[in-house]
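Listed in order, the protein sequences are those of chains A, B, C and D.
All residue numbers for the first sequence refer to the working numbering, where the first residue is 9 and numbers rise by one.
All residue numbers for the second sequence refer to the working numbering, where the first residue is 9 and numbers rise by one.
All residue numbers for the third sequence refer to the working numbering, where the first residue is 9 and numbers rise by one.
All residue numbers for the fourth sequence refer to the working numbering, where the first residue is 9 and numbers rise by one.
From the three backbone atoms N, C-alpha and C, an ideal C-beta is built for every residue, glycine too.
First the structure, in the form of structure tokens, and then the observations on it.
Number of protein chains: 4
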Amino acid sequence: MGFDTVIRGARVVTSGVVSTCDIGITAGRIAALGTGLDAPEIIDATGLIAMPGGIDSHVHVSQPSGPGVEMADDFASATRAAACGGNTCVMPFCLPEDGQTLREAVAAYLAKAEGQCLTDVSFHLIVKSVDPVTLGQDLPALIAQGMTSFKVFMTYQGMRLTDAEILQVMAVAREQGALTLVHAENEDAIEFLRDKAERDGRIQPVHHARTRPIPVEREATHRATTLAEVADVPVMIVHVSNGAALEEIERAQARGVRVFAETCPQYITLTADDLDRAGFEGAKWVCSPPPRDTGEQAAIWAGLERGAFDVFSSDHCPFRFADPAGKDAPGARASFRNIPNGIPGVETRLPILFSEGVSKGRISLETFAALTATNHARIYGLESKGSIAVGKDADIVLWDPTLTRPITQDALHHGSDYTPWEGFEVTGWPVRTILRGQTVMLDGDPVGTATGQHIARAKPGVTP
Amino acid sequence: MGFDTVIRGARVVTSGVVSTCDIGITAGRIAALGTGLDAPEIIDATGLIAMPGGIDSHVHVSQPSGPGVEMADDFASATRAAACGGNTCVMPFCLPEDGQTLREAVAAYLAKAEGQCLTDVSFHLIVKSVDPVTLGQDLPALIAQGMTSFKVFMTYQGMRLTDAEILQVMAVAREQGALTLVHAENEDAIEFLRDKAERDGRIQPVHHARTRPIPVEREATHRATTLAEVADVPVMIVHVSNGAALEEIERAQARGVRVFAETCPQYITLTADDLDRAGFEGAKWVCSPPPRDTGEQAAIWAGLERGAFDVFSSDHCPFRFADPAGKDAPGARASFRNIPNGIPGVETRLPILFSEGVSKGRISLETFAALTATNHARIYGLESKGSIAVGKDADIVLWDPTLTRPITQDALHHGSDYTPWEGFEVTGWPVRTILRGQTVMLDGDPVGTATGQHIARAKPGVTP
Amino acid sequence: MGFDTVIRGARVVTSGVVSTCDIGITAGRIAALGTGLDAPEIIDATGLIAMPGGIDSHVHVSQPSGPGVEMADDFASATRAAACGGNTCVMPFCLPEDGQTLREAVAAYLAKAEGQCLTDVSFHLIVKSVDPVTLGQDLPALIAQGMTSFKVFMTYQGMRLTDAEILQVMAVAREQGALTLVHAENEDAIEFLRDKAERDGRIQPVHHARTRPIPVEREATHRATTLAEVADVPVMIVHVSNGAALEEIERAQARGVRVFAETCPQYITLTADDLDRAGFEGAKWVCSPPPRDTGEQAAIWAGLERGAFDVFSSDHCPFRFADPAGKDAPGARASFRNIPNGIPGVETRLPILFSEGVSKGRISLETFAALTATNHARIYGLESKGSIAVGKDADIVLWDPTLTRPITQDALHHGSDYTPWEGFEVTGWPVRTILRGQTVMLDGDPVGTATGQHIARAKPGVTP
Amino acid sequence: MGFDTVIRGARVVTSGVVSTCDIGITAGRIAALGTGLDAPEIIDATGLIAMPGGIDSHVHVSQPSGPGVEMADDFASATRAAACGGNTCVMPFCLPEDGQTLREAVAAYLAKAEGQCLTDVSFHLIVKSVDPVTLGQDLPALIAQGMTSFKVFMTYQGMRLTDAEILQVMAVAREQGALTLVHAENEDAIEFLRDKAERDGRIQPVHHARTRPIPVEREATHRATTLAEVADVPVMIVHVSNGAALEEIERAQARGVRVFAETCPQYITLTADDLDRAGFEGAKWVCSPPPRDTGEQAAIWAGLERGAFDVFSSDHCPFRFADPAGKDAPGARASFRNIPNGIPGVETRLPILFSEGVSKGRISLETFAALTATNHARIYGLESKGSIAVGKDADIVLWDPTLTRPITQDALHHGSDYTPWEGFEVTGWPVRTILRGQTVMLDGDPVGTATGQHIARAKPGVTP
């Protein structure tokens, strides 16, 4: 057993167990776990924690965002930020431009990512049209190529699908063994409230949150799980923001529906009050669903603690604040309706959960690994990833659990010009990210070349 | 790295991941996971599954059971059966005889177990009296010795504690960092129904089930979780038999109470109709809580599938059927009240769950490992056990997932003269059990000497 | 106090109390309650029960039902049947024909009813289009004329509204103080299941029930109550068929939404098995939502018993069975999809509830009065009706609680050629129906002339 | 029809309907409802509301309260206050002194009440011992005498019964057709918290509330409804203080258990903060269960609005504040444990509900009548009372809905030296109370002689 690299003496975490040992790496894969391993390259990890590389299964990169608006990250900057935040794989959504087929969109995305990525990437698809080509040809072909999951939207004009359309998509998912992700908010109800708010002159950023209240998410969540029940397929509800929506998910599970649930850092740390900051400042926190209040944060935490959530992602969707191509888009100050939705988060997801969860004693290291890597890999079919186990990709992140410093925009590497967590104190930071055996981040800075690849995935792992 | 033994080529399962590799064992511990490992002793496990040795955290052995009644298993036979059923560690309950202190009882138990055991053992305590010596001296001393969990009963005359007493025990658990297990059935309600049944001449075994209906378990479960809420401690609800009781557990979790839940093979495979067999035959299935019906089996399965249960144990509590010291105790035919409660199961727990769960596609191998070993080790503080990971005890069971044969009393090794699952078809059997590197079962038969030890445990692992 | 008529000696029931006394009637109104009252016309009601005349707030009469299909009842036959079944007022729905405005439809309906009715009538509106004329002009005008309630459909192609449209209608209801009724079934989900059933050759009547399963009603009920929550208006969920939908209603109430609930005789007496009768026979029971099973019947009964339902109506929607303009419409035998939806019931609603409810001891006389008359009057603003109280219309029905006979088509007066309850045994029948002081039914037969009027209503009574 | 008295022109309310008419009274009973009624005595009630006389089915009068402690009201002062507060009947609890049998206690109570009462009274029993005499002789005899309801306590040392004892009492209730009332709080849990509070020096009045938190009431409520489920009897849960306890009641109802629910003014108007007033002042608000917070008030209101409560009572249990025989009992300042539990409220119950409920538009007049009179009469078998209907006792209260003034101790007639609602503004006051045709309160002052009688009751009315 000659290794290329050995990581020595870390507390090695997988979703089920922590054990202190060496990790032997050969040809980018984990070749052995043991003690006294040796290799030309030795990484001394004494006192550190070796985690499976973070997988962020919910990020938006270079996604078409409306006329004149541009996302703050391309693949180079997004994966650079991801690597610096302790990730070795991100899963962006592939959204067709108007007039593009899904396969054309995928081709364009692959081209954009090619040679740019510091982490691996693997695409989800977005189905915004249920024409015969999309359902009958593109989806089966792309699933066969390893893009085995797709998202549908119940909100956003131009993207939302009707229930009938969602059922058609789910029928394809069932036939092909793919997984459907749902963004669950009732667009009609939002429009109703939004129109009323505008008529009443309530146009500031905070009204973004007030016109997307919990009932519109709860309703859509109940509906999405019912559609899955009717179509007899598993479903993933993304970015669950509150206890009532989570209750709908658990009620569906108790009825026997296989429902997976995701939540994000914004729902355990931010509130709607953040959108209510003076002037236009609140626009920095405009995302959907909006952050709620501390009571709902507690409900999400309780859910994390009792295992109600399968994955913890960022929903990274970055725009620049001081930028007419970003938050300050034309009309944005005249109505919250025109503020691009989304916040940057791929670089801060893991430190936030580590600090709030592990360092504060709410969750164990094993649960952290499950929520941030293992479950993503299992559910989305990333077979070579998500665990520190013999034969898996050597995607490993070393954490220093004692390192304390605040999140600051200055220290981040994403393309946005702000972070919603400016000044947020964090204990526990990743200090080295290793992608298939190669170090891509060291002590907070990106290193090495962009060797990230697009990963074709197996069928979703939906058996509990 | 010189190993004593290498297990070659199995699909190695931990609670979070499956990977095909070799396992190197040195001095009874797992020294390495890798490929191409070599050792004087090679166990070829190609085509087999290597699981962490089963931990059965709910068994009764040589326990005082009333005048003239004797359990069918002593430590020799119980651990022999356990090993043959794929277990490497069992957790019996230590119940003081009348007049004995808890510490005296533990000493007597340790003496009985000494040199008899084919698997490791680790004792839970039973608190049936809340006198100052028990609470103030014995519990702290025994917890310090590594018996970090104890059960209280809400049922059984002579064992049941009042709510006030349970709260006192929980206060000790809180102070000492131990875990309280609760048998949740409302004794008063059972007595009420039992007296009425007897007055009405309903005295056959099936009335054991009918006088312990779901509401008495649901009520006690709600109460137990509330007492834990009031005392601000985690709690384990053992042998949950039905959906309504499980719902109470999940409601308590949603309120933020840390509640763990256990279920057993009888609740996914047997029903109250089994107690209604002709003549006295039904006595074979008399246990508490009783098996329910197929609807409740489905509710328990749904719970297993959505992760609502932490551990799957046997509640092995064996009596002989054709024996006046067993099920046929004096008075047993005159009233179900006098039938000793309990069924044998330590040897059949794992094959039943493997067959019904893994082989039928309801749960994954990882979940099987978590439910039968990893979670028991984590929750009960068995730090050296429960996972196939470097540094852990080499407690490993090799499974042949293709082997199909029925459960039959003839093939079992427990002390009872029957099995409740006679003729139950099973696909997937353990073919070799390895305790700290030594094979103790091969191809269904016990081998080797009784090297099992009593294991002192760490504090319970109650962080999610 | 000179009375025109005195009803002597009945047990007089109102929703709150039963008292034995005389009822003095003058000029069509109740002038006094007392003892020893005298008048030229004395009706001896000793041994009988005097109930407020039944109000059936959910009936369909002469409603456009698609090309070539005709309802089995016009106003003459429907109100004749109603009177014979113990009703003094029915509330039909006014549905515009294609191309008709709502006001034109109302005018046409009033013309059809004029001079034909043996009971009073009062129209609900159906909103199937949300154009500016309907919302901005017709609804306000018709509400001002006393048609203060309207129904929206979440199912039926051509009638269903989107969530956005329902919210617009609810906004009008809020502004004008009217009440919105919702038929809650998810059309898209039904279509999905229906298409699949047809593709699979499952085309018999029973598949009507199987393609409208409980989840599609539960989902739409959750959604309807959420839309009411968002629009901040009360809402009435009509014809609730099962416990899951009822649970959604009660959850909404617990959130503070004012939700009223209606159920019907079919949901406490019929099952989906009725649709599974040999050949095309099952078509007789095709209605939406379909009857469920005995478990759901029990859930509806439990709801009636705990006061979860406000009104008990018939959803009378009669078609002839052996008729190409009825159930045997073109294509009906080729697919259940083409069978006209609905069953006759205006004549049997009250006897069924009296027999199953009062005679079997499940509900009291007062609750019967509330569910069949008083609550309808209060909620829908029929101020002069619904109670036997001084000043109210003398709408009184005398019941003989001892009379036992089965329901048979021979003895009915509706326009349909069958009854879904053929042979259903009933104890307790109305023996005299009095409309504003005039007897319109005696001993089961219609008497007198058609003096029924259209009643303009006050604003809905939505304060509990 | 010669009447003794006619009440002219009031809006006459029963639980189901409001109608403006005259009420003719003869020989203490309602003889007629009509118009133009005449009599020697005419009471002009134009502009007023005629309500059925209030029935307060939960009051404590002259009840043994521990050594040295005395209730502030005897029958004279309690019924004087009751009449001034719009009541015509109160239902005190008959609690045996130590050594007294239940029948002796009843005899003593009847003697105390004899000739003293300005309203009618009817006793509930308290079962604090389940000896054979009480269960086998006294209860059947007293039920036969018309005391058809009894309360059991799950709290209070010396009064609380075990589950086994409660089941025995419920078995008697079932056999005899009586109704069991339950005070649902878990005494053991309270003791646990109370002991801890005292050990920690938390001894002020507010800790009364903090050591009786919602979980102890929720738990006991779940248990009480389960015991009723096991014993197969109806049950009344008295003084429900919060939404979680109410949820348990509604869950039990959904399981088919017949559960009635009571709440009181303190749970919609007071909070635990009232107990936290400076110094010993908070003792004025010490009652059990304690008032909660505004969130729970809202939950109770939502329950009242959706019909979840059957009766609204006072739980009048008056002690003087500045009195060593009252709140300032020996030891009371050293620990909240020694403060007598209870607050005065018989005189303020109805104005508070009228003002907060009817005047603020939350509930209708009919619902007010149901909650304060009709349902009490029906459920507890007061057949001659509870409604303004021909043949009923002429127990009528005239309300002036426009009268606004605050509650002040100065204006009250009870024996206590304070009111918990000092300064609470009320719109809508009773201006005349008529007991069986005789005015006993006029314009806020008691009038007439003490003609109140003890009323024997029929079996409870438990059919919905």
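Exercise. Could you tell me whether any Cβ in chain C is nearer than 8 Å to the Cβ of A378 of chain D?
Key: yes
Exercise. Note the first and the last residue of the continuous alpha helix (DSSP H) segment covering V224 of chain B.
Key: I222 to A239
Practice problem: Would you mind sorting T279 of chain C into buried or exposed? The rule is 16 or more other CB atoms within 10 Å of its CB. | Solution: buried
Quiz item: Considering only C-alpha positions, which residue in the set B:T34, B:L133, B:P352 and B:A337 is nearest to P104 of chain B?
Solution: B:L133
Quiz item: At a Cβ cut of 7 Å, what residues of the region 189–214 of chain B count as close to chain D, listed as they run along the chain?
Solution: N194, D196, A197, E199, F200 and L201
Quiz item: Hey, does T96 of chain B have any beta-carbon neighbour from chain D nearer than 8 Å?
Solution: no
Practice problem: Can you say whether R207 of chain C is buried or exposed, counting buried as having 16 or more other CB atoms within 10 angstroms of its CB? | Solution: exposed
Quiz item: Looking at the unbroken alpha helix (DSSP H) that takes in D203 of chain C, where does it start and where does it end?
Solution: E195 to R207
Quiz item: From D408 of chain A to V294 of chain A, what distance separates their C-alpha atoms?
Solution: 32 Å
Quiz item: Given E195 of chain B, which residues of its chain have a CB within under 6 Å of its CB, disregarding the five upstream and five downstream residues?
Solution: T163 and R168
Exercise. State buried or exposed for L118 of chain A, treating a residue as buried only when at least 16 other CB atoms are found within 10 Å of its CB.
Key: exposed
Practice problem: Measuring only between beta-carbons, confirm whether T375 of chain C sits less than 8 Å from chain D. | Solution: yes
Self-check item: Within 8 Å, strictly: CB atoms of V114 of chain C and A58 of chain C
Solution: no
Self-check item: DSSP-derived helix/strand/coil call for R168 of chain A
Solution: strand
Quiz item: Does A89 of chain C come within less than 8 Å of chain D when only Cβ atoms are used?
Solution: no
Exercise. Using a threshold of 8 Å, state whether the C-beta atoms of T80 of chain B and P326 of chain B are closer than that.
Key: In the sequence on display, residue 80 of chain B carries Ala and not Thr. For A80 of chain B and P326 of chain B, yes; Cβs fall inside 8 Å.
Self-check item: L110 of chain B in three-state terms, based on DSSP
Solution: helix
Quiz item: Since C297 of chain A and E193 of chain A are thought to touch, with beta carbons under 8 Å apart, how far apart are those beta carbons, to the nearest angstrom?
Solution: Position check: residue 297 of chain A holds Pro in this sequence, whereas Cys was assumed. Rounded, the Cβ-Cβ distance is 6 Å, consistent with contact.
Practice problem: Please confirm if R231 of chain B has its CB atom under 8 Å from at least one CB of chain D. | Solution: yes
Quiz item: Can you check whether the CB of V26 of chain A is closer than 8 Å to the CB of E374 of chain A?
Solution: yes
Quiz item: In terms of alpha-carbon separation, which member of C:A262, C:A217, C:T441 and C:H215 lies closest to T233 of chain C?
Solution: C:A262
Quiz item: Would you say P221 of chain D reaches chain C, if we count a Cβ-Cβ gap shorter than 8 Å as a contact?
Solution: no
Exercise. For R413 of chain B, write down the residues that DSSP places opposite it in a beta bridge.
Key: B:V434
Practice problem: State the beta-bridge partners of T8 of chain B as determined by DSSP. | Solution: Past the boundaries of the shown model lies residue 8 of chain B; chain B is included only from 9 to 472, so the question cannot be answered.
Exercise. For chain C, find out if any of its Cβ atoms is closer than 8 Å to the Cβ of V180 of chain A; answer yes or no.
Key: no
Quiz item: Hey, quick one: how far does the alpha helix (DSSP H) through F376 of chain A stretch, first residue to last?
Solution: L373 to A377
Quiz item: For the candidate residues A:T447, A:A179, A:W309 and A:A253, whose alpha-carbon lies nearest to that of I51 of chain A?
Solution: A:T447
Practice problem: Please look up how many angstroms separate the CB atoms of H247 of chain B and D323 of chain B, rounded, as I've assumed it's under 8 Å. | Solution: 5 Å
Self-check item: Unbroken alpha helix (DSSP H) run spanning P148 of chain D, endpoints
Solution: L147 to A152
Quiz item: If you follow the alpha helix (DSSP H) that L358 of chain B is part of, which residue opens it and which one closes it?
Solution: R357 to L361
Quiz item: If we count the other Cβ atoms within 10 Å of its Cβ and call it buried at 16 or more, is A397 of chain B buried or exposed?
Solution: buried
Quiz item: On the three-state DSSP scale, how would you describe G290 of chain D?
Solution: helix
Quiz item: Any idea which residues DSSP pairs H384 of chain D with across the strands?
Solution: Answer is none; H384 of chain D lacks a bridge partner.
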